[in-house]
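Read the structure below first, then the notes.
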Amino acid sequence: QKEVEQNSGPLSVPEGAIASLNCTYSDRVSQSFFWYRQYSGKSPELIMSIYSNGDKEDGRFTAQLNKASQYVSLLIRDSQPSDSATYLCAVNKNTGNQFYFGTGTSLTVIP
Amino acid sequence: DAMVIQNPRYQVTQFGKPVTLSCSQTLNHNVMYWYQQKSSQAPKLLFHYYDKDFNNEADTPDNFQSRRPNTSFCFLDIRSPGLGDAAMYLCATSRDRRSPGDEQFFGPGTRLTVL
Chain A
4 QKEVEQNSGP LSVPEGAIAS LNCTYSDRVS QSFFWYRQYS GKSPELIMSI
54 YSNGDKEDGR FTAQLNKASQ YVSLLIRDSQ PSDSATYLCA VNKNTGNQFY
104 FGTGTSLTVI P
Chain B
6 DAMVIQNPRY QVTQFGKPVT LSCSQTLNHN VMYWYQQKSS QAPKLLFHYY
56 DKDFNNEADT PDNFQSRRPN TSFCFLDIRS PGLGDAAMYL CATSRDRRSP
106 GDEQFFGPGT RLTVL
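Right, here's the structure in full:
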């Protein structure tokens, strides 16, 4: 079983819509959760982190964490073509050093 | 600006010819990581340093080695690159692996091509 699972997509949404990206993780001891954006040929860029159950909002981005369901999501409101990228979910157990990454979800925002 | 720097950005080598990739950081972070990322795949952790403490992932091939001469620099050595080693190599840092909420920051990556 993979540590982190994401739907690879591709996910397409029209400009201005809400994009919803989902991630599940297998180990309940996981403590910290991250969303990275990766443009083609570029390195991952941290956009959100969340550590407690509930929602965390930062501009157009909202991260949601449900530890009981081992589920973390990212909502992008008012999606823009510049949001088109692969979004990587990462999990840190804080019992060691490893950040476990999902394979990413490819998002395309259609103008 | 504090950052993670990787050199070179693009590296071409021949099959079997040793190659060294470098990473430096101005964040003064304790932990430095090396990842390999192939197309449409998740970054795969090769190894990491916590200060001078080296941690190798169990499935990292012996062909890959690393050095961290000081806090700021870390090197990835590929002793005999094969065609399967062509990938993006990502260096990342974090302040303290055991700290809740510790975040990981990536350099721009080095794209390795093996001919």
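Going down the list, the protein sequences come from chains A and B.
If you're matching positions, the first sequence starts at 4 in my numbering and goes up one per residue.
If you're matching positions, the second sequence starts at 6 in my numbering and goes up one per residue.
Backbone N, C-alpha and C fix where the C-beta goes; we use that ideal spot for every residue, glycine too.
As the structure is a computational prediction, the values presented were derived from the model and not from experiment.
The shortest CA-to-CA distance from B:T115 to any of B:E108, B:L95, B:Y38 and B:S99 is the one to B:L95. In this structure, the straight-line span from the alpha carbon of A:L49 to that of B:V9 is close to 13 Å.
V36, Y38, Y40, Q42, S45, Q46, A47 and P48: these are the residues of the stretch 30–48 of chain B whose beta carbon lies less than 9 Å from some beta carbon of chain A, given in chain order. Around the Cβ of A:Q4, a 10 Å sphere holds fewer than 16 other Cβ atoms; the residue is exposed.
At a cut-off of 8 Å, the C-beta of A:S46 has a neighbouring C-beta in chain B. Shown here for B:R72: same chain residues with a beta carbon closer than 6 Å to its own, the five before and five after excluded, namely F80 in chain order.
For B:D64, not one C-beta of chain A is nearer than 8 Å to its own C-beta. For secondary structure counted as the alpha helix (DSSP H) over 4 or more consecutive residues, the stretch 76–110 of chain A holds no complete run. With its beta carbon less than 8 Å from one in chain B, A:S35 belongs to the interface.
Here B:D90 is buried. Its C-beta has 16 or more other C-beta atoms within 10 Å.
Within chain A, no C-beta atom comes less than 8 Å from the C-beta of B:P23; the nearest is roughly 24 Å away.
DSSP places A:G57 in the strand class (E or B) of the three-state scheme.
Within the stretch 59–102 of chain B, the runs of beta strand (DSSP E) that reach at least 3 residues and sit entirely inside it are, in chain order, 69–72, 78–83 and 92–99.
By the CB criterion at 8 Å, A:D81 and A:G12 fall outside the cutoff. Taking 8 Å as the threshold, the shortest C-beta distance from A:S76 to chain B does not fall below it. Contacts with chain B (Cβ-Cβ distance below 7 Å) from the stretch 51–65 of chain A involve S52 and Y54, listed in chain order.
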